[in-house]
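Here the structure is laid out as structure tokens; the discussion comes afterwards.
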């Protein structure tokens with residue numbers, strides 16, 4: 001294993017350094033009585049290090065083993081002191097379209113991480129967060145441009161207003177809203193996503209509702225309605 005391996009799995013993929021170190025040690029980097037089922041701390045590695053054992057094993061790359069170490073490392077990591085700061089640094093480095101105030105808020109990043117774990121997804125490396133549907137939770141609409149490229153401003157505003165007036169958001173109501181406006185209900189989903197996360201695609205709408213909660217959803221719907229109204233006023237004065 002060389003520096004390129006370490007850089008790819010540590011920096012690019014986002015495995016925690018201790019997971020990569022354990023994998024390297026498993027492949028013959030000098031630890032006495034190495035237990036492949038255990039995640040060693042750095043102090044334990046130093047204590048059990050034996051220079052005579054370096055290079056005695058030559059094991060091919062095993063992604064499942066590396067993932068197992070990655071998952072153990074994340075489970076053992078201090079969430080607030082290590083995991084959340086690592087996620088924040090990664091988001092700031094590779095996800096420029098994310099809302100700056102969200103990726104710099106440790107409480108919000110932890111909320112996304114907790115939600116990821118509640119979906120029973122096994123987190124082994126941090127790229128799973130930034131290259132999956134969970135990246136959408138760090139987005140926020142700051143312009144009506146994408147909405148207007150797909151939908152008429154009046155229809156989008158009317159649908160969002162209808163959602164704001166509804167007590168309970170469910171599939172039946174969304175279908176009735178679509179029928180009232182003469183569009184397919186899947187288009188309602190696209191309008192909702194554009195208002196909440198500035199993307200047509202992304203996590204299931206009901207999952208977005210669960211994560212953000214009604215108060216935040218209403219706030220984002222209202223923001224989009226106001227942006228659409230301002231856009232309409234601007235175009236009428238040109």
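Numbering (the UniProt record's numbering), first residue to last: 1 to 238.
We put the CB at the ideal spot given by N, CA and C, even for glycine.
- With respect to the 8 angstroms criterion, residue 199 and residue 139 are classified as neighbours on the basis of their beta carbons.
- Residue 117 and residue 123 do touch by the CB rule: their CB atoms are close to 7 angstroms apart, below 8 angstroms.
- Counting of Cβ neighbours within 10 angstroms places residue 14 among the buried residues, the total reaching 16 or more.
- Counting every other CB atom within 10 Å of its CB across the protein chains shown gives residue 18 a total of 16 or more, marking it as buried.
- Counting only runs of at least 4 residues, the region 129 to 182 fully encloses the following alpha helix (DSSP H) elements, listed from N- to C-terminal order: 145 to 150, 153 to 165, 171 to 181.
- Secondary structure remark: continuous beta strand (DSSP E) runs of at least 3 residues inside the region 21 to 86, in chain order: 29 to 31, 49 to 54.
- A Cβ-Cβ distance of about 13 angstroms is found for the pair residue 16 and residue 68, leaving them out of contact under the 8 angstroms criterion.
- DSSP places residue 119 outside both helix and strand once states are collapsed to three, so it counts as coil.
- Annotated as distal: residue 212 and residue 160, with beta-carbon spacing of 8 angstroms or more.
- With a cutoff of 8 angstroms on beta-carbon distance, residue 157 and residue 228 are scored as near each other.
- In this structure, 5 is the residue among 80, 46, 85, 5 with its C-alpha nearest to the C-alpha of residue 66.
- Nearest C-alpha to residue 136 among 114, 71, 202, 22: 202.
- Contact between the region 79 to 86 and the region 103 to 114 is established, with three or more Cβ pairs separated by less than 8 angstroms.
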